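> One structure, as structure tokens, below. Some questions next.
2 protein chains.
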Amino acid sequence: MFKETNLRSIAKGISWRFFATTTTIIIVYIFFGKLDLAIAAGIAEALSKIILYWIHERVWQRLRWGKKMIEPFNIWFTGLPLSGKTTIADGVYKKLKSMGILVERIDSRDVRKLFPEVGFTREERNRHIKRIAHLVGTLQKNYVSAVCSFVSPYVESRDYVRKMTKNPVIVYVKASVETCMKRDYKGVYEKALKGEIKNFTGISDIYEEPIDPDIVIDTEKTSIDEAVDMVVKYIKSKYIK
Amino acid sequence: MFKETNLRSIAKGISWRFFATTTTIIIVYIFFGKLDLAIAAGIAEALSKIILYWIHERVWQRLRWGKKMIEPFNIWFTGLPLSGKTTIADGVYKKLKSMGILVERIDSRDVRKLFPEVGFTREERNRHIKRIAHLVGTLQKNYVSAVCSFVSPYVESRDYVRKMTKNPVIVYVKASVETCMKRDYKGVYEKALKGEIKNFTGISDIYEEPIDPDIVIDTEKTSIDEAVDMVVKYIKSKYIK
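From first to last, the protein sequence lines are chains A and B. Residues 24 to 264 in this note's numbering are what the first sequence lists, from first letter to last. Residues 24 to 264 in this note's numbering are what the second sequence lists, from first letter to last.
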């Protein structure tokens, strides 16, 4: 919850006083034609009103009326391992944050580290995504938006996201298995090919392409910066007025 | 994220103008001794400044400086089934909400309904609480406080709460098994005694009393209203200045 500090109210009072007293002096001068008296009246006015303005600010600070929340959204990046989800999502998050939007970044990497017992079977993956969708929904109830990146390879998983979160924006980060394998700096595709990682999406597990994504990013043709801009522009036009 | 509407800025401008112009008229009258001219100057001032004030408000609305967030807390109710956790927690939540605090209510009942596959073994319960603690931690990162009620019968579970959330306030809702059985309107104790519910805390599973709770509520001696007041008072004195 935002609370305005006393210092902010005082600073606003001073900045307002600057404009207001200048205006008063000009008006009084126009009416009475005496500059010295006009300035004296201006000084008397400034001193009395700086206190009055501060009181006025403190009273208004207690009123909630007219303070509006931004409609929270949920940007959900899906795609093969190493398709570029995390990188683009990080960029989008940074940009939105810099715009002063209350937003949380949720990445598969961090969540799985915290809950290592979650496996990669179809059932476990779906349950995992359902939990994340619940987390996002709870954040949104409190006006917090989310930027999520999860392989989320199944239709059902993405259905949970659509059903359990507000204003879902499904972003399909597209890249062929071959391209992702070329980017394999983590060596995960290699391990999956050797059979050292089981249920690896793209190799030993299926990736069901989203049928109705809100945004498609072809990472073989689009740069990271362009992709970030694309998503931020979409959010701006739809949810930030 | 809070955003001030245009209407709020205009209303503030008008309410301010009332006080400010009255002050100006009095000052000009004191300096020049002419009431009619003082009022005319006051009117000219009012008209020009209502617009100036509105512009001033819109500019300040873009500045984040001096807007402070309340330090988020996590009130965690633990105790036997039917000890009174949910009822007291609901009361506390309602009271905090009415004070304008950004707070989320998380109850075992709702979460378990959503994830029915979670069992009641020691391991499953601990994992469940760890997930809730993660949810609360994420909310708190976004300035949202929490009021949670879970049996959370084990020391480890409550340790997760202490470690993974900010400003945890553990509230031990105390009642003997006998008392809880008398309140058994749900018939759950009866079922547990017959062996129809397994791992039922208090009957077929242990409740490890908290060693260092922040608040203890003896529900055999304290009314619901008193209990709610106790917790709210504690929160007020510690986290709301």
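Yeah, the Cβ is synthetic: ideal placement off N, Cα and C, and Gly gets one too. These numbers were taken from a predicted model, which means no experiment stands behind them.
Below 8 Å, can you find three or more Cβ-Cβ pairs linking the segment 80-89 of chain B to the segment 45-57 of chain A?
With the cut-off at 8 Å, the segment 80-89 of chain B and the segment 45-57 of chain A do not touch.
> Taking the alpha-carbon of isoleucine 93/A as reference, which of Phe143/A, Ser180/A, Lys164/A, Glu213/A has the nearest alpha-carbon?
Of the candidates Phe143/A, Ser180/A, Lys164/A, Glu213/A, the one whose C-alpha sits nearest the C-alpha of isoleucine 93/A is Lys164/A.
> Within a Cβ cutoff of 6 Å, which residues of the same chain sit near leucine 70/B, ignoring the five residues on either side of it in sequence?
Within the same chain, leucine 70/B has no close Cβ partners at all.
> Could you check the C-alpha separation between isoleucine 258/A and glutamate 213/B for me, to the nearest Å?
Their Cα atoms are separated by approximately 54 Å.
> Leaving out the 5 sequence neighbours to the left and right, which residues in its chain are closer than 8 Å to threonine 144/B when beta-carbon positions are compared?
Once the five neighbours on either side are set aside, the close Cβ partners of threonine 144/B are Asn222.
> What does a CB cutoff of less than 7 Å around proline 236/A pick up in its chain, not counting 5 residues either side in sequence?
Closer than 7 Å at Cβ, skipping near neighbours: Ile193, Val194, Tyr195.
> Where do the N-terminal and C-terminal ends of the alpha helix (DSSP H) with isoleucine 209/B fall, by residue?
Looking at the sequence itself, residue 209/B is lysine, so the reference to isoleucine does not match. No alpha helix (DSSP H) contains lysine 209/B, which DSSP labels as neither H nor E.
> Could you run through the segment 159-179 of chain A and flag, in chain order, every residue whose CB is less than 8 Å away from some CB of chain B?
Within the segment 159-179 of chain A, the qualifying residues are Thr161, Leu162, Lys164, Asn165, Tyr166, Val167.
> Which residues, in order along the segment 77-99 of chain B, keep a beta-carbon less than 8 Å from a beta-carbon of chain D?
Absent from the structure is chain D; the protein chains it does hold are A and B.
> At least one CB of chain B closer than 8 Å to the CB of methionine 24/A: is that the case?
Low confidence applies to methionine 24/A: its pLDDT is 45, below 50, so where it sits in the model is not reliable, and the reading given next is rough at best. True, the Cβ-Cβ gap to chain B drops below 8 Å.
> Span of the alpha helix (DSSP H) holding tyrosine 230/A?
Taken as a continuous stretch (DSSP letters only), tyrosine 230/A belongs to no alpha helix (DSSP H), as it is neither H nor E.
> Output the residue ranges of the alpha helix (DSSP H) runs that lie fully inside the segment 105-146 of chain A and measure 4 residues or longer, sorted by chain position.
Whole alpha helix (DSSP H) segments, 4+ residues: 108-121, 131-137.
> In the DSSP assignment, what are the bridge partners of cysteine 171/A?
According to DSSP, cysteine 171/A bridges with Trp99/A, Ile129/A.
> So, are the CB atoms of arginine 148/B and proline 233/B less than 8 Å apart?
No; because the gap between Cβ atoms is not below 8 Å, this pair is not in contact.
> Let me check understanding here. Comparing Cα to Cα, which of Lys118/A, Arg135/A, Asn29/A lies closest to alanine 250/A?
Per the Cα distances, Lys118/A.
> What three-state label does DSSP hand aspartate 59/A in the structure shown?
If DSSP states are grouped into helix, strand and coil, aspartate 59/A belongs with the helices.
> Would you call the segment 108-123 of chain A and the segment 168-183 of chain A touching, i.e. three or more CB-CB distances under 8 Å?
Contact between the segment 108-123 of chain A and the segment 168-183 of chain A is present, because at least three Cβ pairs lie under 8 Å.
> Can you tell me whether DSSP reads aspartate 237/B as helix, strand or coil?
Aspartate 237/B falls in the coil class under three-state DSSP.
> Residues in the same chain with beta-carbon distance under 6 Å from aspartate 228/B, minus the five sequence neighbours each way, listed in chain order, please.
Answer for aspartate 228/B: Asn222, listed in chain order.
> Comparing the C-beta of glutamate 140/A with each C-beta of chain B, is any distance below 8 Å?
Answer yes: the Cβ-Cβ gap between glutamate 140/A and chain B drops below 8 Å somewhere.
> For glycine 218/A, which residues in the same chain have their Cβ closer than 8 Å to its Cβ, ignoring the five residues on either side in sequence?
Cβ within range, chain order: Ser227.
> Could you tell me which chain A residues have their CB closer than 8 Å to the CB of isoleucine 50/B, listed as they occur along the chain?
Here the neighbours are Ala64, Ala67, Glu68, Ser71.
> Between which two residues does the alpha helix (DSSP H) harbouring isoleucine 258/B extend?
Note, isoleucine 258/B: alpha helix (DSSP H), 247-262.
> Give a yes or no on whether the minimum CB-CB distance between alanine 43/A and chain B is below 8 Å.
Taking Cβ atoms only, chain B reaches closer than 8 Å to alanine 43/A, which makes this a yes.
> Apply the 10 Å Cβ neighbour rule to threonine 188/A and answer buried if 16 or more other Cβ atoms are within range, or exposed otherwise.
Under this definition threonine 188/A is a buried residue.
> Give a yes or no on contact between the segment 62-76 of chain A and the segment 31-41 of chain A, applying the rule of three or more CB pairs nearer than 8 Å.
Yes: at least three Cβ pairs fall under 8 Å.
> Taking only beta-carbon atoms, is histidine 151/B less than 8 Å away from chain A?
So no, histidine 151/B is outside the interface.
> Is the CB of threonine 188/A under 8 Å away from at least one CB in chain B?
No, threonine 188/A does not count as interfacial toward chain B.
> Kindly list the residues whose CB is nearer than 6 Å to the CB of lysine 153/A, restricted to its own chain and excluding five residues on each side of it in sequence; keep chain order.
Here the set comprises Tyr183.
> With a threshold of 8 Å between beta carbons, is leucine 216/A in contact with chain B?
So, not an interface residue.
> According to DSSP, is isoleucine 93/B part of a helix, a strand, or is it coil?
Residue state, collapsed to three classes: coil.
> Following the continuous alpha helix (DSSP H) through lysine 186/B, name the residue where it begins and the one where it ends.
178-187 is the span of the alpha helix (DSSP H), which, as asked, contains lysine 186/B.
> Which value, in whole angstroms, describes the spacing of the CA atoms of threonine 161/A and glutamate 127/B?
Straight-line Cα distance between these residues: approximately 8 Å.
> At the 8 Å Cβ level, is phenylalanine 143/B part of the contact set with chain A, yes or no?
Chain A contact via Cβ: absent.
> Going along chain B, which residues have a C-beta under 9 Å from phenylalanine 55/A?
Simply Val51, Phe54, Phe55, Lys57, Leu60, Ala64.
> Below 8 Å CB to CB, which residues in the same chain sit around proline 104/B once its five sequence neighbours on both sides are set aside?
So the qualifying residues of the chain are Val174, Cys203, Val211, Tyr212, Phe223, Thr224, Gly225.
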